[in-house]
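Worksheet: the structure to be examined is printed underneath.
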Amino acid sequence: MATFKDFRNSVKPNWCPGCGDFSVQAAIQRAAANIELEPEDLAVVSGIGCSGRISGYINSYGLHGIHGRSLPIAQGVKMANRDLKVIASGGDGDGFAIGMGHTIHAIRRNIDITYIVMDNQIYGLTKGQTSPRSELGFKTKSTPEGSVESSISIMETALTAGATFVAQSFSSDLKELTSLIEQGLQHEGFSLINVFSPCVTYNKVNTYDWFKEHLVSLSDIEGYDAHNRMIAMQTLMENNGLVKGLIYQNKEKKSYQDLAHGYSETALSKADLSLDNKQFEELISEFM
Amino acid sequence: MVDQLSWKVGGQQGEGIDSTGEVFSLAQNRFGYYLYTYRHFSSRIKGGHTNNKIRVSTKEIGAVSDDLDILVAFDQETIDVNYHELHDQGIIIADSKFNPTAPEDCKAKLYAVPFSEIANELGTSLMKNMVAIGATSAILGQPTEDYREVVQGVYGRKGEKVVEKNMDALKRGAEYFNEQAGGPIERLQLEKADGQKRMFMIGNDAISLGFLVGGVRFMSAYPITPASEIMEYMIKHLPKHGGTVIQTEDEIAAATMAIGANYAGVRTITASAGPGLSLMMEAIGLSGITETPLVIVDTQRGGPSTGLPTKQEQSDLMAMIYGTHGEIPKVVIAPSTAEEAFYDAAEALNIAEEFQCPVIVLSDLQLSLGKQSVSPLDYSKTEIRRGKVPTGDLPELEAKEYFKRYEDTEDGVSPRVFPGMKNGIHHVTGVEHDETGKPSEVAGNRQTQMDKRHRKLNNLNFKTPVYKNVRHAEADVLVVGFNSTRGAIEEMIPRLEADGIKVNHAQIRLIHPFPTKEMEELVDAAKTVIVVENNSTGQLANIMKMNLGNLDKIKNLLKYNGNPFLPTEIYTKCKELL
């Protein structure tokens, strides 16, 4: 049985020392081992940006695609081989700016993959521009007078889009993050895990200390029910989205794979592709 | 007796013009005639003039006809817009409901037939289409009872009563015309057909069938004219084979999802038209550098931007050859008939997997949507070749080492493994990478990997890169085209030959990599080369000049008003150019 060490490879990440993404990498490796995956049964698909490099830092199948498109690629991987566990990952710019269209539709499509976003509220790899998660008034290279656009409330957006698994965590809490990723991987449907992953180089506002001060743990809220969408929405709004833990899960709704008409229960990648002559004649006869 | 004739039905969009054409053409197909059809339509659902032109022949045909024998009109606009196509002994049959009149300079004979009135008497105005077909059958002297099989096929599921009503409508239409005209029109009696059963399909059907037979089990696509029929076919058929179709949020998702699924080992396709292909360009580059198979259909329509979404054009050529930033190996195949489209679609899947690169199956609106007779397709001529994929277990890897997915091999093609395979773990990235897929900016590695990727296509062995009709060792002119122009070119060749001009014909089927050797011989053997294409800048002619030189010899014959070439137009312009 594989341990988390089996999910490590020999590549040294090129992230800055102190980057929140290291914890996300470790949490994925631990979660994969905890749910007893073998490295070849995991595919990590990532987007472009600092965090997008993560697919190359885990000993599993990995695909580092194009900016904003980790989700459609990951959904394609899962549709081709439903036996795989598939993680899509990237930053907040990748998922909530250029890739936002895919994010909404992946949520409502509910294909059984796990989407882990490393949310640092800034563009790091391009050296410090505003992101859709930057707060109003946030000063960056591209918003020297402060951002005049609102930050997107991504957890609320996910809930309204019909998400069946919504969670949020923080790089400093490796234990909770690992647990949420495990739950996400085991959820039968699309799971979204937004991780506050501080950028120590370009974001001097939303620091580790800032999150420690502002984040509310849902486990500290008495009687919080993660299966109640209304309460989830209300709690998010009351706390300006700054909560951590499992926000919402719907175990009733079936995944896309289970609902898709005729879709094979065995992996499509293992399908026999040949037709017999009778099948061919039938196809031809439709046009006669 | 004639060996062919041309029939057109027109009216407002949404009033059953297409289904009128459908029933008429299905019947002629059943009688064993060869057919070729053209749909004139607009980008709207209700209203606006639409027409369906159907050519019926005892011989194989591949083009819209120059003129028209019979025009069936459901409104005055149909007459006003189309009468000029009718030859002098042509016939108009029009619904008497709108008091049809023939323009002063119209020499064709107009018969007013109460399509709507008869239909209403029988219970529903919807059946006016069948009355019109009945009148047509009378003109042609085809017994209405011969239509029963087709009427049964089209309306059978609605019950026997509906079939009988429609047959009644057909008979009443025929009777009315016979009374008015005193029987069939002698000049329009078709010679008897050979009675052979032939497939009758649009190019998109043929492409879809090729894909299904070729092992496609997943498709991700976004609706667009004139490509949607491919998605619709797959939605209907893939679930029967365990597969499925996802209608994505946009074409970027369609192409990248297809890349993900191909990477994970399933033959996956997407299909679109110009605007969608523009959105897919970055994904095509990803397919190229990650060496992930990807087959995309581009059904060309009028561009740029939204352009002429329901009209014929062939202006995506350069974009398909060169589109995406940077340089990748890519294959562009352009079938010119539905039959070729079937085989090319199936073969595109093999090429994509064997050479691990994007393959564009290029079509155009007239090929994609024009319904045509197709000779029997041969299943045994198709095969599934998946390239360098392992058949057994993979050798164990050194601890923490990756599988060499991008190994620098002699033929440039590296072994490909799928997620889930033990000892196959490697990284895939759109960043330049080393043999194991790890990012690398080292200059030497960059050169090695670029050379490796581009070397792959040296071994491409496409069976018939050029469809040739070489009639002369030394020709006055070589006429060159691609995609749907083939039939119109073929049809005008005998007319040029009758004028004493020696004509050879080449229809380029493998657009890229360009079949330089085959084309060089043909160009050298001709005094002049005329390149026929539906665009305004002569894209194929430019590609030819780039690959073959002969700058002065190669001449343009262009049409870009949204309509396909008529044989006469090509003939006339060839005469001007020669």
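Keeping their order, the protein sequence lines are chains A and B. Under numbering that gives the first Met the number 0, the residue at position 118 of the first sequence is numbered 117, and the numbers go up by one with no gaps. Under numbering that gives the first Met the number 0, the residue at position 186 of the second sequence is numbered 185, and the numbers go up by one with no gaps. Think of the CB as a built atom: it goes at the ideal place given N, C-alpha and C, for glycine as much as any other residue.
- In this structure, the straight-line span from the alpha carbon of Asp-410/B to that of Val-76/A is close to 28 Å.
- Excluding its 5 nearest sequence neighbours in each direction, Leu-217/A has C-beta neighbours in its own chain below 6 Å: Tyr-223, Val-242, Gly-244, listed in chain order.
- Identification of residues in the stretch 206-217 of chain A having a C-beta nearer than 7 Å to some C-beta of chain B yields an empty set.
- Annotation: Ile-72/A to Lys-84/A spans about 14 Å, alpha carbon to alpha carbon.
- For Leu-396/B, there are no C-beta contacts with chain A under 7 Å, since the nearest C-beta of that chain is about 10 Å from it.
- Between Pro-292/B and Glu-352/B, the C-beta spacing is below 7 Å.
- Taking a contact to require three or more Cβ pairs closer than 8 Å, the stretch 116-134 of chain A and the stretch 198-208 of chain A qualify as touching.
- By the rule that beta-carbons nearer than 7 Å mark a contact, Met-491/B does not touch chain A.
- For Asp-94/B, the enclosing beta strand (DSSP E) stretches over residues 85-94.
- The three-state reading of DSSP puts Gly-537/B in coil, since its state is none of H, G, I, E or B.
- Proximity to Val-330/B across Glu-59/B, Met-317/B, Lys-526/B, Glu-338/B peaks at Met-317/B, based on C-alpha coordinates.
- When Cβ-Cβ separations below 7 Å define contact, Val-149/B makes no contact with chain A.
- Against Phe-417/B, the close residues of chain A are Tyr-60, Ala-79, Asn-80, Ser-268, in the order they occur along the chain (beta-carbon pairs closer than 9 Å).
- According to DSSP, Val-476/B shares a beta bridge with Val-502/B, Thr-527/B.
- By DSSP's assignment, Thr-267/B forms a beta bridge with Phe-217/B.
- Ranked by Cα distance from Met-198/B, the options Phe-114/B, Glu-473/B, Ser-374/B are led by Ser-374/B.
- Judged by pairs of C-beta atoms under 8 Å, the stretch 163-172 of chain A touches the stretch 5-23 of chain A, as three or more such pairs exist.
- Taking 7 Å as the cut-off, the Cβ atoms of Ser-268/A and Asn-109/A do not count as close.
- In this structure Pro-222/B is exposed. Its beta-carbon is surrounded by fewer than 16 other beta-carbon atoms within 10 angstroms.
- The alpha-carbon of His-63/A is positioned some 15 Å away from that of Tyr-401/B.
- The beta-carbon of Ile-258/B is placed less than 7 Å from the nearest beta-carbon of chain A.
- In the same chain as Pro-394/B, and ignoring 5 residues on each side of it, the C-beta atoms closer than 7 Å to its own belong to Asn-422, in chain order.
- Rounded to the nearest whole angstrom, the C-alpha separation of Asp-433/B and Ala-157/A is 38 Å.
- Apart from sequence neighbours up to five positions away, the residues of its chain that approach Thr-323/B with a beta-carbon distance below 6 Å are Met-280, Ile-283, Gly-284, ordered along the chain.
- When C-alpha distances from Arg-494/B are compared across Gly-436/B, Lys-574/B, Ser-335/B, Thr-390/B, the shortest belongs to Lys-574/B.
- The Cβ-Cβ distance between Tyr-35/B and Gln-371/B falls below 7 Å.
- When Asn-203/B, Ser-304/B, Val-8/B, Thr-247/B are compared, the shortest CA-CA separation from Glu-338/B is found for Asn-203/B.
- For Asp-204/B, the enclosing alpha helix (DSSP H) has its first and last residue at 202-212.
- Each residue's CA atom was taken as its position, placing Leu-4/B and Leu-539/B some 33 Å apart.
- Exclusion of the five residues before and after Asn-503/B leaves Lys-467, Asn-468, Val-469, Arg-470, His-471, Ala-474, Val-476, Leu-477, Val-478, Leu-521, Ala-524, Ala-525 as the residues of its chain whose Cβ lies within less than 8 Å of its Cβ.
- Shown here, Gln-74/A sits in a helix according to DSSP, grouped into three states.
- Around the beta carbon of Leu-211/B, 16 or more other beta carbons sit within 10 angstroms, so the residue counts as buried.
- Rounded to the nearest angstrom, the gap between the Cα atoms of His-453/B and Leu-509/B is 17 Å.
- Within chain A, the C-beta atoms nearer than 9 Å to that of His-426/B come from Asn-8, Val-10, Ser-54, Gly-55, Tyr-60, Gly-61, Leu-62, His-63, in chain order.
- Residue nearest to Ala-270/B within the set Ile-258/B, Ala-263/B, Gly-287/B, Glu-250/B is Glu-250/B (criterion: CA-CA distance).
- The beta carbon of Phe-199/B falls within 7 Å of a beta carbon belonging to chain A, placing the residue at that interface.
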